[in-house]
Amino acid sequence: MKNESTASKVAIVGAGNSGVVCAKVLGQQGLDVAVFEKGSQLGGLWIFGNDNGMSSICRSLNINTSTSTSTSNRMVQLPDCP
Numbered sequence: 404m405k406n407e408s409t410a411s412k413v414a415i416v417g418a419g420n421s422g423v424v425c426a427k428v429l430g431q432q433g434l435d436v437a438v439f440e441k442g443s444q445l446g447g448l449w450i451f452g453n454d455n456g457m458s459s460i461c462r463s464l465n466i467n468t469s470t471s472t473s474t475s476n477r478m479v480q481l482p483d484c485p
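Just so you know, we're using this note's numbering here: the sequence shown kicks off at 404 and counts up by one.
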């Protein structure tokens, strides 16, 4: 672990899928990570009705893959997702 004076600091803009994965990997590498998200939820474009005003999905969206197929096996699985 690096000491405070030499630790590298990284800012990630956006807490969508890519931003969350980047934060996890960089944090595991010992970097000091800060994630900035415009909305109040993680998930970015995949959150229906996200208050960031940028959600591109609609209520009728159906995804034909399961959560276990669509997510990294190293990421936390949400208990309320199929």
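Backbone N, C-alpha and C fix where the C-beta goes; we use that ideal spot for every residue, glycine too. As the structure is a prediction and not an experimental result, all values here were calculated from the model.
- With a 10 Å radius around the Cβ and a threshold of 16 neighbouring Cβ atoms, GLY447 comes out buried.
- Counting C-beta atoms within 10 angstroms of its own C-beta, ALA418 has 16 or more neighbours from the protein chains shown and is therefore classed as buried.
- Boundaries of the alpha helix (DSSP H) around LYS427: 420-431.
- Ranked by Cα distance from CYS461, the first of THR468, GLY452, ASP435 and VAL424 is GLY452.
- For PHE439, the uninterrupted beta strand (DSSP E) segment begins and ends at 435-439.
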